[in-house]
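Participant:
Residue numbers (my numbering): 5 to 267.
1. Determine, using beta carbons only, whether residue 185 and residue 155 come nearer to each other than 7 Å.
2. Please classify residue 265: is it buried, with 16 or more other beta-carbons within 10 angstroms of its beta-carbon, or exposed?
3. If you check the beta carbons only, do residue 3 and residue 197 fall under 7 Å apart?
4. Name the one or two DSSP bridge partners that residue 132 has.
5. Assign residue 121 to buried or exposed, taking buried as 16 or more other Cβ atoms, counted over all protein chains shown, within 10 Å of its Cβ.
6. For residue 236, which of helix, strand or coil comes out of DSSP?
7. Rounded to whole angstroms, what is the Cα-Cα separation between residue 255 and residue 150?
8. The alpha helix (DSSP H) spanning residue 116 covers which residue range?
9. Indicate the three-state DSSP secondary structure (helix, strand or coil) for residue 260 in the structure shown.
10. Please name the residue or residues paired with residue 110 in a DSSP beta bridge.
11. Between the C-alpha atoms of residue 132 and residue 199, what's the straight-line distance to the nearest angstrom?
12. With H, G and I counted as helix, E and B as strand and the rest as coil, what does DSSP make of residue 242?
13. Would you list, in sequence order, the uninterrupted alpha helix (DSSP H) runs of no fewer than 4 residues that lie entirely inside the stretch 78-112?
14. Between the beta-carbon of residue 86 and the beta-carbon of residue 190, is there less than 7 Å?
15. Are there 16 or more other CB atoms within 10 angstroms of the CB of residue 227, so buried, or fewer, so exposed?
16. Taking only the alpha-carbon atoms, compute the straight-line gap between residue 88 and residue 101 and give it to the nearest angstrom.
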């Protein structure tokens with residue numbers, strides 16, 4: 005998932021190297037991350053070839069949805085390693101036992117993360133989450149410095165009052181960078197999102213628990229080799245960048261078919 009995507013935001017190389025050094029990589033997840041990075045590269049090449057053919061349409065994957073995919077065990081391992089499926093998780097949408105889990109790694113200063121939230125997320129919710137097929141689990145993955153980290157902690161704080169998704173959508177309603185994510189501005193956005201106890205929101209935002217929660221999400225992403233946002237795992241299948249809805253449709257269909265085969 006560390007492969008460049010034309011629709012993925014990326015920090016400076018210096019910041020990426022600093023973040024990578026800050027995280028110790030468990031061997032199992034590091035090996036899994038290397039495999040997933042290779043898969044992303046293959047998919048990216050396939051999409052580029054499809055575009056060069058002049059049709060303008062995504063070519064269907066070689067694996068399809070009806071036969072066994074040799075990568076199924078790798079994807080299943082990635083799904084088990086990353087999806088939490090916790091009761092009452094404020095950063096998740098959908099049934100805990102949904103057959104497919106989409107895990108998103110995102111930064112609140114990332115323009116393409118906002119594009120995904122505005123364009124694709126509502127359709128995914130209507131088409132799959134509401135039907136019990138998909139569960140979406142958000143991971144705070146700030147890569148653009150202190151303003152991103154503050155916004156990530158603020159989203160977690162909003163979640164403590166059951167307003168994570170309202171706050172998340174409010175922040176991503178338009179591109180916000182730098183001073184637009186100062187604490188007072190985040191407090192204003194929290195109020196618009198329906199967060200009722202602002203004093204508690206400020207306390208949670210600045211507390212150690214929010215910092216630890218964000219670092220946990222960051223570590224998970226770095227362990228998998230994530231260096232750009234948005235990055236996704238759909239049933240363990242990696243998608244890099246704010247891809248067209250067709251890419252998510254295909255990944256969900258493949259993941260659902262693999263889930264059914266494993267029964």
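Using N, Cα and C, we set each Cβ at its ideal position, and we do this for glycine too.
Facilitator: In short, the structure shows the following:
1. yes
2. exposed
3. Because the chain is modelled from 5 through 267, residue 3 falls outside the range shown and cannot be assessed.
4. In DSSP, residue 132 forms no bridge with anything.
5. buried
6. Reduced to three states, the DSSP call for residue 236 is strand.
7. When the Cα atoms are used, residue 255 and residue 150 turn out to be separated by approximately 33 Å.
8. Under the DSSP assignment, residue 116 falls in the alpha helix (DSSP H) whose first and last residues are 115-119.
9. helix
10. 144
11. 27 Å
12. strand
13. none
14. no
15. buried
16. 11 Å
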